[in-house]
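Everything in the first sequence is counted per full-length UniProt numbering, starting at 1 for the first residue and increasing by one.
Cβ atoms here follow ideal geometry from the backbone N, Cα and C, with glycine treated the same way.
Inspection log for the structure reproduced underneath, given as C-alpha cells.
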Amino acid sequence: MDAYDPMSNESYGYRSVDSPDNNYDVPHQQNSEFFDNFFVLDEWMNEDQASIVPEYQDHTLAYASTVFDDGSPSIGSSSSPLQGNSNVGGTGMRQAQKGRKEKVAFRTKSQVEVLDDGFKWRKYGKKMVKNSPNPRNYYRCSAEGCSVKKRVERDVEDARYVITTYEGVHNHQRPSNF
DNA sequence: CGCCTTTGACCCGCGC
DNA sequence: GCGCGGGTCAAAGGCG
C-alpha cells in the first residue's frame, strides 16, 4: 500500500477534496471492522444534521448506525456506493427514537483531516488505536448544551480516505454564514 | 481575556 | 481481579 503523502496532490487546504475527475470510487470494505454495525446510507439526512457538505458528496460514502442504549446493534451492514438520492442498499435514516444513539460515518477521499462541516468543534482527546498507525481524534460540538460528538481518523487500509463519525443530533442550527 | 489544543492520567467495560 | 483497549477529563500552555 502506498504511503500517504500529504504533499503529493494539488488539492490541499480549506474544504478541498480530490478533483472530481480523479475517479469516483469510494469502495466499501466489506471486511472492515470499523463498519460493523453500520449500514450504507442511501440518502442524505437533512442538511442541517448531516454535518457534511454537498461538495464532498462525490468523494464520500456514508454509513449509518443505530445503537440501542443497552448496547445492542440494530442494523446489519450492507454495501453500495452513495449516489445522490438513489435508492439502493437500504431504507435510509430513521427518525430518532428514545433509547437510541444515532451514528453516521462518512468515508471521504480527502487530504485534510478535519472536513469543514460548518459547526464549531472543540477537540477533547486523541488516541492511538490498535491495528492502526493513525491517531483517532475526538471532538465535541462547541455550542452550549449541544452534546454532539465526532471522531476523525484515517482509514487504516487506505490513508487517502478520512473517516468521520458523528454521534448525536445538534440542538441548534448550523451557523448561517456557512 | 476567552477561547482553543495538547497531553498524560483517569475511568470503565469486558474477557480471561 | 487484573490488564487491555477505548473514551474522557482537566491542567497547563498557546494564540488571537
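Assuming contact is defined by CB atoms lying nearer than 7 Å, are residue i and residue j in contact in what I supplied?
i, j, result
"Arg-136", "Glu-157", "no"
"Arg-122", "Arg-140", "yes"
"Ser-147", "Gly-168", "yes"
"Val-104", "Tyr-166", "yes"
I'd like the span of the beta strand (DSSP E) that includes residue i, first residue to last.
i, result
"Glu-153", "149–154"
"Glu-167", "161–167"
"Asn-137", "135–141"
"Lys-123", "121–128"
Taking the alpha carbon of residue i as the point to measure from, which residue in the options has its own alpha carbon closest?
i, options, result
"His-172", "Tyr-161, Ala-143, Ile-163", "Ala-143"
"Lys-127", "Tyr-161, Gly-118, Tyr-138", "Tyr-138"
"Ala-159", "Pro-133, Gly-118, Asp-116, Asp-117", "Pro-133"
"Asn-131", "Asp-155, Val-162, Tyr-161", "Asp-155"
"Thr-108", "Arg-174, Val-162, His-170", "Val-162"
"Pro-175", "Thr-164, Gly-145, Lys-149, Lys-120", "Lys-120"
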